[in-house]
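Asker: What follows is a structure written as structure tokens; I'll ask about it next.
Numbering (the UniProt record's numbering), first residue to last: 1 to 300.
Set out below in structure tokens:
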């Protein structure tokens with residue numbers, strides 16, 4: 001087989017479609033499709049398939065992913081030793097989290113990572129849904145609950161807790177109405193607390209399905225809501241309000257990494273940056289002991 005075809009496998013795994021893979025490799029979609037078919041013909045096995053999530057790797061394709069990563073990294077090392085003009089690129093890391101975390105926690109701290117790793121290509125995937133690390137949709141994920149995906153294939157570590165508080169626009173009128181989440185999202189601790197408060201004070205007239213939209217509405221003075229303290233305290237347009245409807249929610253902050261990628265330099269650099277960023281934030285309850293890497297799905 002043509003070993004260069006492995007980079008097409010990696011691109012499809014990381015982007016989830018022929019079009020996106022072609023864009024990342026700076027080729028046309030037909031080239032990606034042709035190279036994948038050539039790989040499958042040479043191996044005698046199917047490596048990609050169409051699913052509800054787009055184009056994904058087959059079980060056999062997923063087993064090829066780690067060797068393909070190693071091959072790409074080793075070829076970059078060979079090129080560097082040979083004096084080729086690789087620009088010292090570290091490669092790409094795809095990090096996913098909910099939009100609130102991306103926009104208000106990671107983006108303001110991005111200059112630190114860029115200074116430490118100027119040749120790293122970081123893809124920040126702001127998604128409310130949980131992208132799959134095992135399917136190659138992301139390399140690193142930040143979650144606001146104990147992960148359930150991965151088994152032995154994903155390493156998960158608790159980084160701390162997010163405390164919530166009530167906020168409204170500074171200088172807004174008294175007796176602001178509550179702004180909450182749509183009914184499908186009432187499984188979230190903060191959504192349940194808002195619903196409880198709104199039931200006692202008067203029904204919420206606006207509901208959303210995303211915390212970022214919630215934040216924007218509150219900043220514009222349309223009502224009050226519950227936000228993570230690390231977001232609300234950092235926003236000068238907001239002021240903390242009393243909450244008299246039971247305990248305020250707290251959510252766990254978890255870092256997830258695909259096991260086979262954990263030793264790659266670019267992964268280590270991004271993980272260290274995330275850990276430093278969260279450790280430096282005010283209004284975050286830190287773990288009472290240093291968290292240990294643990295296999296997702298198991299409880300020590």
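Every residue, glycine too, gets a C-beta built ideally from N, C-alpha and C. Since the structure is predicted, the reported quantities are computational estimates derived from the model, not experimental observations.
Buried or exposed: residue 83, going by 16 or more other Cβ atoms within 10 Å of its Cβ?
Answerer: Summary for residue 83: the model assigns pLDDT 41, below 50, so the residue's position carries little reliability, and this model does not support an answer.
Asker: Check whether the segment 5 to 20 touches the segment 37 to 57, taking contact to mean three or more Cβ pairs, one atom from each stretch, closer than 8 Å.
Answerer: Short answer: they touch.
Asker: Spatial neighbours of residue 38 within its chain, please: CB distance less than 7 Å, with the 5 preceding and 5 following residues excluded, ordered by chain position.
Answerer: Closer than 7 Å at Cβ, skipping near neighbours: 2, 5.
Asker: What do you get for residue 281, buried or exposed, if any count of 16 or more other CB atoms within 10 angstroms of its CB means buried?
Answerer: Under this definition residue 281 is a buried residue.
Asker: Suppose you measure from the CA of residue 210 to the CA of residue 223; what does that come to, to the nearest Å?
Answerer: Approximately 15 Å between the Cα atoms of the pair.
Asker: Anyone know if the C-beta pair for residue 124 and residue 153 falls short of 8 Å?
Answerer: Result no, Cβ atoms of residue 124 and residue 153 do not sit closer than 8 Å.
Asker: Could you say which of 113, 233, 200 lies nearest to residue 276 if we only look at CA atoms?
Answerer: Comparing Cα-Cα distances from residue 276 to each of 113, 233, 200, the minimum goes to 113.
Asker: Would you decide whether residue 207 is buried or exposed? Buried here means 16 or more other CB atoms lie within 10 Å of its CB.
Answerer: Under this definition residue 207 is a buried residue.
Asker: Exposed or buried, what is residue 14 when buried is set at 16 or more other beta-carbons lying within 10 Å of its beta-carbon?
Answerer: Under this definition residue 14 is a buried residue.
Asker: Which of the three DSSP states is assigned to residue 274 in this structure?
Answerer: Three-state DSSP puts residue 274 in a helix.
Asker: Looking only at its chain, what residues have a beta carbon closer than 6 Å to the beta carbon of residue 266, apart from the 5 residues adjacent to it on each side?
Answerer: Only 90, 91, 93, 120 meet the Cβ criterion.
Asker: Select from 52, 101, 41, 19 the residue whose C-alpha is nearest the C-alpha of residue 278.
Answerer: Selected option, being the one with the closest Cα: 101.
Asker: By how many angstroms is the C-alpha of residue 63 removed from the C-alpha of residue 17?
Answerer: Going from the Cα of residue 17 to the Cα of residue 63 covers about 19 Å.
Asker: Please determine, among 40, 202, 21, 42, the residue with the shortest C-alpha to C-alpha distance to residue 32.
Answerer: Taking only the C-alpha atoms, the option nearest residue 32 is 21.
Asker: Classify residue 110: buried if its beta carbon has 16 or more other beta carbons within 10 angstroms, exposed otherwise.
Answerer: Residue 110 should be labelled exposed.
Asker: In angstroms, rounded to a whole number, what distance separates the CA positions of residue 180 and residue 238?
Answerer: Distance between the alpha carbons of residue 180 and residue 238 is about 17 Å.
Asker: Please confirm whether residue 187 and residue 248 have their CB atoms less than 8 Å apart.
Answerer: It is not a contact, given that the beta carbons lie outside the stated cut-off.
Asker: For a test of the three-state rule: what should DSSP assign to residue 42, helix, strand or coil?
Answerer: Reduced to three states, the DSSP call for residue 42 is helix.
Asker: Check each candidate in 204, 168, 221 and name the one with the smallest Cα separation from residue 228.
Answerer: The shortest Cα separation from residue 228 among 204, 168, 221 belongs to 168.
Asker: Here's the rule I'm using: 16 or more other beta-carbon atoms within 10 Å means buried, otherwise exposed. How should residue 263 be labelled?
Answerer: So residue 263 counts as exposed.
Asker: According to DSSP, is residue 239 part of a helix, a strand, or is it coil?
Answerer: Looking at residue 239 - three-state DSSP - the assignment turns out to be strand.
Asker: Let's see if you can read the secondary structure: which residues bound the alpha helix (DSSP H) around residue 183?
Answerer: Residue 183 -> no alpha helix (DSSP H), and no H or E assigned at all.
Asker: Straight-line CA distance for residue 314 to residue 204?
Answerer: No answer is possible for residue 314: it lies beyond the span of the chain, which begins at 1 and ends at 300.
Asker: Buried or exposed for residue 174, going by 16 or more other Cβ atoms inside 10 Å?
Answerer: Classification of residue 174: exposed, given that the 10 Å Cβ count is below 16.
Asker: Of all the alpha helix (DSSP H) runs that stay within the bounds of the segment 179 to 230, which reach a length of 4 or more residues?
Answerer: You should have 189 to 201, 211 to 219.
Asker: To which residues of the same chain is residue 58 closer than 7 Å at the C-beta, ignoring the five residues directly before and after it?
Answerer: Contacts found: 46, 47, 48, 49.
Asker: Kindly list the residues whose CB is nearer than 7 Å to the CB of residue 177, restricted to its own chain and excluding five residues on each side of it in sequence; keep chain order.
Answerer: So the qualifying residues of the chain are 202, 204, 205, 223.
Asker: Can you tell me where the alpha helix (DSSP H) with residue 251 in it begins and where it stops?
Answerer: Residue 251 -> not in any alpha helix (DSSP H); beta strand (DSSP E) instead, spanning 250 to 258.
Asker: For residue 195, which residues from the same chain have a beta carbon less than 7 Å from its beta carbon, with the 5 sequence-adjacent residues on both sides left out?
Answerer: Closer than 7 Å at the Cβ level, and outside the excluded window around residue 195, lie 180, 186.
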